[in-house]
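So the structure is just underneath, and the comments pick up after that.
Protein chains: 4
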Amino acid sequence: MAKKKLNVAMIGYGFMGRAHSNAYCKVNHFFDLEYQPVLKVACARNAEQIKTFADNWGYESTETDWRKVIERKDVDAIDICTPNNLHKDIAIAAAEAGKMILCEKPLAMNGPEGEEMCKAVEKAGVANTVWYNYRRVPAVTLAKQLIDEGRLGKIFHYRAVFLQDWTISAELPQGGQGLWRLDAAAAGSGVTGDLLAHCIDTAIWLNGSMKDVSAMTETFIKERVHTATGQKQAVGIDDACAFLARFKNGSLATFESTRYARGHKALYTFEINGEHASIQWDLHDLHRLNYFDHRDDSIVRGWRSVHVTDGDMPYMDKWWVPGLQIGYEHSFVHQVADFLDNVAKGKPTAPTFRDALETQHICDAVLKSAKTGSWEQVPS
Amino acid sequence: MAKKKLNVAMIGYGFMGRAHSNAYCKVNHFFDLEYQPVLKVACARNAEQIKTFADNWGYESTETDWRKVIERKDVDAIDICTPNNLHKDIAIAAAEAGKMILCEKPLAMNGPEGEEMCKAVEKAGVANTVWYNYRRVPAVTLAKQLIDEGRLGKIFHYRAVFLQDWTISAELPQGGQGLWRLDAAAAGSGVTGDLLAHCIDTAIWLNGSMKDVSAMTETFIKERVHTATGQKQAVGIDDACAFLARFKNGSLATFESTRYARGHKALYTFEINGEHASIQWDLHDLHRLNYFDHRDDSIVRGWRSVHVTDGDMPYMDKWWVPGLQIGYEHSFVHQVADFLDNVAKGKPTAPTFRDALETQHICDAVLKSAKTGSWEQVPS
Amino acid sequence: MAKKKLNVAMIGYGFMGRAHSNAYCKVNHFFDLEYQPVLKVACARNAEQIKTFADNWGYESTETDWRKVIERKDVDAIDICTPNNLHKDIAIAAAEAGKMILCEKPLAMNGPEGEEMCKAVEKAGVANTVWYNYRRVPAVTLAKQLIDEGRLGKIFHYRAVFLQDWTISAELPQGGQGLWRLDAAAAGSGVTGDLLAHCIDTAIWLNGSMKDVSAMTETFIKERVHTATGQKQAVGIDDACAFLARFKNGSLATFESTRYARGHKALYTFEINGEHASIQWDLHDLHRLNYFDHRDDSIVRGWRSVHVTDGDMPYMDKWWVPGLQIGYEHSFVHQVADFLDNVAKGKPTAPTFRDALETQHICDAVLKSAKTGSWEQVPS
Amino acid sequence: MAKKKLNVAMIGYGFMGRAHSNAYCKVNHFFDLEYQPVLKVACARNAEQIKTFADNWGYESTETDWRKVIERKDVDAIDICTPNNLHKDIAIAAAEAGKMILCEKPLAMNGPEGEEMCKAVEKAGVANTVWYNYRRVPAVTLAKQLIDEGRLGKIFHYRAVFLQDWTISAELPQGGQGLWRLDAAAAGSGVTGDLLAHCIDTAIWLNGSMKDVSAMTETFIKERVHTATGQKQAVGIDDACAFLARFKNGSLATFESTRYARGHKALYTFEINGEHASIQWDLHDLHRLNYFDHRDDSIVRGWRSVHVTDGDMPYMDKWWVPGLQIGYEHSFVHQVADFLDNVAKGKPTAPTFRDALETQHICDAVLKSAKTGSWEQVPS
């Protein structure tokens with residue numbers, strides 16, 4: 247049976263542009279879906295670079311002005327892969343034009359921006375989702391399933407870190423392709439929006455809403471050359487951020503993120519401790535889930551290293567055979583698959599803009615607490 | 247610049263048919279190559295099933311007789327993904343028709359068959375390679391690089407196992423889709439050709455040729471229902487095989503494979519111990535390489551867990567960023583990339599049929615030793 | 247050569263009484279020291295129980311009143327293994343009597359008590375030490391050595407947790423042998439003084455003094471039967487405590503401790519991230535140290551698992567051969583060995599009461615912050 | 247209650263002399279036993295060295311001729327810690343004198359010697375045991391318990407290695423204190439008797455008797471200076487040995503040992519795969535047992551890392567609290583405890599000489615097979 251076409255416009259062509267394009271190309275080979283994405287147009291200001299990108303991935307055309315993309319009749323969905331400071335304008339314009347939107351995370355530069363975006367998509371009634379891709383790493387999805395089944399019982403503790411070490415050198419500039427994440431004007435914040443946002447999205451998905459937070463941030467390298475000016479400029483982002491939190495379910499949490507943790511490339515880990523059982527996960531070995539169940543016979547009780555590659559585990563019936571792992575890129579394929587499936591069924595795809603707004607609010611509270619030195623309530 | 251087309255015919259549509267098709271679809275998105283594979287035709291006896299497979303992957307046409315495929319003028323390369331008992335006839339016919347050949351492993355049912363196949367491709371002068379894909383898992387390729395750089399010094403020991411547990415149930419039949427590996431008529435041997443062949447291919451690549459072997463095999467479940475007849479029949483394959491070996495470089499080795507090792511899905515591990523350094527690898531965490539270097543400062547000397555995801559590691563500049571792992575399927579993408587690149591340069595792609603014949607000879611010696619109870623020389 | 251005798255009086259006979267007695271019995275078998283401890287007297291209120299304890303360990307006599315012990319002329323050193331609420335009175339009396347003192351941790355119920363104790367021992371000029379035994383786990387001592395050698399460079403981050411799960415059941419009473427740790431009157435605080443005190447002691451030893459902290463605490467089970475009354479009483483201790491901290495060297499830290507982390511028996515871990523290198527340690531595998539050095543050749547760079555069992559590693563020349571691990575109890579033997587050696591040399595044995603007072607002050611600041619909801623300065 | 251005295255004579259004062267003496271000193275502090283060992287006499291040819299040893303450990307007297315020790319009326323038990331070539335004569339003389347015997351492993355230089363020793367102790371009716379201490383590492387004892395409870399079901403595979411790297415240097419001499427293990431005249435064999443004997447003892451305890459073996463050995467360094475002569479002499483021991491085996495219960499096995507496995511200090515590991523469950527253990531983390539149970543719920547099935555430190559695990563009620571590990575030396579304490587308890591009850595302490603003879607026979611078969619190149623039956 248012929249697939250229905252869903253015409254995608256990609257805005258941006260960096261790391262995430264590649265990750266999403268790969269997902270669009272791959273999804274129908276592995277998932278049996280009513281819809282098939284068509285790579286209609288790729289857009290970026292640099293005409294030559296976007297042409298190269300489009301050719302490589304098979305986009306049918308290119309644009310250099312994102313407003314043109316939104317005006318196009320042959321586009322069903324807009325994929326926003328730009329720096330964070332452009333998310334709001336593009337998303338609102340896209341919503342007003344009735345386009346579906348798949349927006350990179352974090353949703354916005356801050357909560358108020360995010361609120362505007364939510365209103366826009368909700369008013370327009372367009373399908374929308376935010377690329378918090380780690381929810382769809384099979385081991386993480388499995389964690390959600392175990393929690394929903396009640397296996398952990400009452401939750402006491404949540405802890406997460408996202409540790410990197412790639413900005414330790416003072417020679418690294420801020421701004422430009424790949425390095426806009428060090429430029430507060432483009433990124434909004436540093437590790438809080440970039441890394442902790444992931445940790446927070448997973449946490450509220452697994453453990454519910456947060457009540458309040460107490461945070462600290464630090465910028466270890468105070469000045470870096472800006473690629474736009476060639477001059478040393480004050481660094482506006484947070485290099486590191488840690489915070490304490492209380493969840494509404496009564497559990498306590500610690501969160502920490504930094505780009506100065508020597509030895510960790512992208513070590514996102516979380517652990518959740520319940521009355522009966524606990525769960526750990528680690529992005530560096532994303533195909534494994536550690537699980538401890540106190541109800542096991544005491545003499546053989548221990549942390550189980552579950553190799554999440556079997557057909558009865560989330561998404562894994564689509565891939566290879568037990569023992570053969572998938573990787574980072576597959577989380578995006580899963581999100582596309584779910585999005586297409588939900589479009590066919592008229593259902594939302596979590597995390598929606600509204601879901602992602604909660605993360606945005608927490609990031610805001612965290613950054614505020616780091617400034618005030620006080621506990622800050624998370625707006626509900 | 248427009249890519250040159252390389253028209254591929256796929257014979258077979260099982261697990262490996264999917265793995266290779268995915269590699270053909272993906273390779274040009276990540277590798278900058280002169281050639282681009284075109285999925286020209288897919289072939290299998292069952293017309294309906296091959297049509298479904300072809301539609302899913304975008305093959306332009308289908309055939310139900312592999313001889314027709316080989317006669318087609320619009321086919322440049324034949325990819326053999328059939329059960330082992332068909333490799334020889336297809337490969338020889340393909341070679342005689344001047345087609346390039348990418349053949350699934352093991353090369354053949356046995357050494358004499360393999361010898362005929364080598365002669366055919368060498369006489370025809372066609373490009374040929376065998377899908378011993380694990381050579382191109384980046385961590386394994388890195389192991390090869392470290393050894394070639396001389397970091398290990400004189401080698402003393404090699405040990406490898408390939409442990410699975412999926413055939414422990416006596417209810418599992420032999421024969422048919424997915425289960426032809428339990429049928430000696432289709433597979434030739436059991437774990438020896440299926441799993442140990444991988445271990446041996448890696449071993450001779452990393453550590454050179456073997457001298458002699460002493461082996462034992464076992465068939466734990468003596469009879470299984472055959473899907474072709476519905477009757478219980480003697481099981482002709484080896485469920486488990488272990489052997490001792492001596493390499494020509496003076497090192498000692500142990501190899502073991504089984505499908506009765508409860509708890510292991512596809513645990514292929516190898517370790518190599520040299521005078522100065524040692525290396526370990528494990529398919530269940532294929533993105534890591536363990537490395538020990540005795541020349542390290544003694545108080546901080548230990549096994550290093552190297553997360554093989556950085557851009558200066560084999561193949562990894564093509565994928566994501568440090569810390570983000572790739573998976574099993576990528577090893578096939580790498581082999582296609584190397585094959586296409588070598589075709590452009592007129593160079594062979596290891597392991598060639600001739601390289602794979604050495605593995606076949608070792609498998610034969612292993613199976614012979616298991617029968618005779620004596621050490622058997624590996625023919626050189 | 248005959249050893250000099252150092253007559254020890256043990257006050258208390260619980261878990262720590264055993265651990266210390268074992269250390270006194272063992273130390274001269276493995277360490278070549280001028281002094282030999284003599285188990286002179288054991289003291290506890292229950293005459294029968296202390297007799298059994300004394301017989302088991304070879305104490306020459308018993309007492310039921312600790313004041314009698316301090317009056318004895320044949321006692322050189324007092325080992326305080328009582329609940330925390332008795333530390334101060336015993337220590338001050340012992341100091342005034344000119345006895346050396348080995349006091350269990352935490353030093354006192356709070357900072358002011360600790361200050362009095364410091365003044366007493368310093369005025370009396372008696373040798374004194376506090377049993378923060380983890381400093382002398384060889385892997386931890388090695389960590390200190392690596393840091394002191396400057397291998398890590400500038401420090402960015404410190405993180406430590408001490409996770410247990412033994413008080414999750416609401417049926418557990420407070421008070422009595424082994425359970426006085428749940429009774430605020432005897433223990434002073436919960437996990438803060440019991441577990442975080444260890445984390446803090448190690449941290450300030452490895453990373454210097456702290457500036458300020460922001461903490462939260464929780465008591466998950468609000469009421470427990472008290473063994474003294476048989477009645478349900480409010481639980482006064484903290485079941486869990488987490489805090490953020492800034493060190494004076496500019497590094498950021500997170501600390502967390504709980505007895506509600508299902509799956510962890512006594513998981514004390516710390517990690518320290520420096521500019522050039524990082525270190526991890528874990529009490530559950532106390533004989534290993536993980537070390538990452540960014541200066542390693544990039545393609546073989548990874549966390550090294552150092553098996554701290556070689557003769558050139560701290561204390562390990564005294565024990566077995568490489569590969570053969572020691573355990574928890576040996577940390578106490580090491581502290582006794584260092585104490586005896588320092589007594590012979592007239593040198594102090596860290597952590598002294600004064601060193602331990604710093605930890606006490608931090609615990610106080612942590613508990614205060616948890617109440618005020620504000621960042622609290624650590625008194626210097 | 248006063249303990250009964252059991253007077254021990256120690257012959258030898260090397261590594262094992264220390265390990266056993268420590269066990270004798272410690273055992274009654276932790277185990278409630280009828281008997282208490284008394285360190286009566288220590289014996290070695292060098293009067294000065296044995297005096298130092300005796301003083302250190304508290305032996306009441308010394309001898310320089312082991313025959314004198316056996317003649318002494320005040321000695322109940324002889325502990326043989328000499329090089330292997332003296333085991334037989336001492337043991338037989340001790341048995342004839344009616345002494346209990348605790349003999350270091352391997353029992354003898356070879357099977358015929360061992361047979362004589364067995365006959366002697368059995369004729370004399372004296373208590374006897376061989377120090378295959380690893381049986382009493384709690385995790386290993388727990389493995390035995392799990393197997394005896396039938397948790398694994400039918401056994402398919404057993405594999406063990408004992409890997410070291412301390413003799414790689416060609417500069418190391420043979421002979422003398424600590425290095426008699428490289429001298430065939432003193433040791434009998436190399437890694438086979440030293441290391442594989444441990445693996446075999448555990449294996450037959452856990453998995454029953456062996457049927458036949460096929461082995462290979464290698465001596466990588468052909469000549470080493472002998473400390474007795476100062477001259478280079480041919481090395482008579484095996485540096486490495488690997489063998490295949492079949493157990494009587496139908497399971498297959500591989501064993502390997504070497505002193506040339508760079509990166510491994512004393513890596514004794516075993517794994518046993520059964521129909522329902524599997525077990526792994528590793529001497530480098532001897533306080534853990536890995537356990538996989540196929541009957542676990544499939545989505546949370548994985549290898550469990552059991553931290554063997556709880557009171558309901560073998561021997562662990564005698565030590566500390568959950569989470570706090572013991573070490574290598576404790577295995578000897580456990581063997582002494584069991585021996586003393588069995589003496590009180592008139593029961594034998596496994597492994598007896600007779601039990602250890604089976605290991606000796608297997609070692610002989612292994613060494614013979616390595617010479618003949620054939621499978622060799624294990625005499626039953």
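Line by line, the protein sequences are chains B, L, H and F. Note that our numbering numbers the first sequence so that position 343 is 589, with each residue one more than the last. Note that our numbering numbers the second sequence so that position 370 is 616, with each residue one more than the last. Note that our numbering numbers the third sequence so that position 71 is 317, with each residue one more than the last. Note that our numbering numbers the fourth sequence so that position 248 is 494, with each residue one more than the last. Note that the Cβ used here is the ideal one computed from N, Cα and C, for glycine as well.
When you compare only the Cα positions, how much space is there between Glu-417(B) and Gly-557(L)?
19 Å
Residue environment, Arg-600(H), which counts as buried when at least 16 other CB atoms sit within 10 Å:
buried
Span of the alpha helix (DSSP H), counted from its first residue to its last, around Glu-306(B)
It is not in any alpha helix (DSSP H) - Glu-306(B) carries neither H nor E in the DSSP assignment.
Among Trp-312(H), Ile-326(H) and Leu-529(H), whose alpha-carbon lies nearest the alpha-carbon of Ala-265(H)?
Ile-326(H)
Suppose you measure from the CA of Arg-291(H) to the CA of Leu-529(F); what does that come to, to the nearest Å?
43 Å
Could you work out which residue in Met-262(H), Ala-431(H) and Arg-508(H) is closest to Gly-399(B) when comparing CA atoms only?
Arg-508(H)
What do you get for Ser-626(L), buried or exposed, if any count of 16 or more other CB atoms within 10 angstroms of its CB means buried?
exposed
Looking at the unbroken alpha helix (DSSP H) that takes in Lys-351(L), where does it start and where does it end?
That residue, Lys-351(L), is in no alpha helix (DSSP H); it is neither H nor E in DSSP.
For Trp-549(H), which of helix, strand or coil comes out of DSSP?
strand
Rounded to the nearest angstrom, what separates Asp-278(F) and Glu-517(F) at their Cα positions?
33 Å
Which residue's Cα is closest to the Cα of Trp-451(L): Ala-366(L), Met-462(L), Asp-322(L) and Leu-603(L)?
Leu-603(L)
Skipping 5 residues on each side, what residues in its chain have a beta carbon closer than 6 Å to that of Phe-261(H)?
none
Residues near Ala-373(H) in its chain [Cβ-Cβ closer than 6 Å; skip 5 each side]:
Met-346 and Val-589
Using the Cα positions of Pro-419(B) and Asp-429(B), report the straight-line distance between them to the nearest angstrom.
9 Å
If you check the beta carbons only, do Gln-581(H) and Ala-269(H) fall under 9 Å apart?
yes
Gln-623(H) in three-state terms, based on DSSP:
strand
Please report whether the beta-carbon of Met-456(H) lies at a distance below 9 Å from any beta-carbon of chain B.
no
Indicate whether Tyr-514(H) and Leu-441(H) have their beta-carbon atoms separated by less than 9 Å.
yes
Can you check which of these residues, Tyr-537(H), Arg-381(H), Pro-352(H) and Ala-449(H), is closest to Ser-551(H) by C-alpha distance?
Tyr-537(H)
Determine, for Phe-402(F), whether the minimum Cβ-Cβ distance to residues of chain L falls below 9 Å.
yes
Excluding five sequence neighbours on each side, which residues of the same chain lie with their C-beta closer than 7 Å to the C-beta of Pro-560(L)?
Pro-384, Thr-387, Leu-388 and Gln-391
Residues of its chain near Gly-304(B), where Cβ-Cβ distance is below 8 Å and the 5 sequence neighbours each way are ignored:
Cys-271 and Leu-285
Within 9 Å of any Cβ in chain F, is that where the Cβ of Trp-377(H) sits?
no
From Gly-482(L) to Phe-408(F), what does the alpha carbon distance come to, in whole angstroms?
34 Å
Which first and last residues belong to the beta strand (DSSP E) in which Asn-253(L) is found?
250-257
Look up Val-481(L) in the DSSP assignment and give the residues it is bridged to.
Val-481(L) is not bridged to any residue.
Does the beta-carbon distance from Cys-445(H) to Ala-461(H) come in below 9 Å?
no
Unbroken beta strand (DSSP E) runs of length 3 or more, entirely within the stretch 275-347 of chain B: which are they?
281-289, 307-309 and 323-326
8 Å CB neighbourhood of Ile-338(H) in its chain, flanking five on each side removed:
Glu-362, Met-363 and Ala-366
Name the chain F residues whose beta carbon is nearer than 8 Å to that of Ile-572(H)?
Gly-573, Tyr-574 and Glu-575
Rounded Cβ spacing between Thr-555(L) and Gly-573(L) (contact assumed at less than 8 Å):
Actually they are not in contact, since the Cβ atoms of Thr-555(L) and Gly-573(L) sit about 12 Å apart, beyond 8 Å.
Among Thr-618(H), Lys-564(H), Ile-414(H) and Asn-330(H), the one whose alpha carbon lies nearest that of Ile-401(B):
Ile-414(H)
Can you tell which of Glu-359(L), Glu-342(L), Pro-329(L) and Pro-358(L) has the C-alpha that lies nearest to the C-alpha of Glu-350(L)?
Pro-329(L)
Using 9 Å as the threshold, is the C-beta distance between Asp-485(H) and Phe-466(H) below it?
yes
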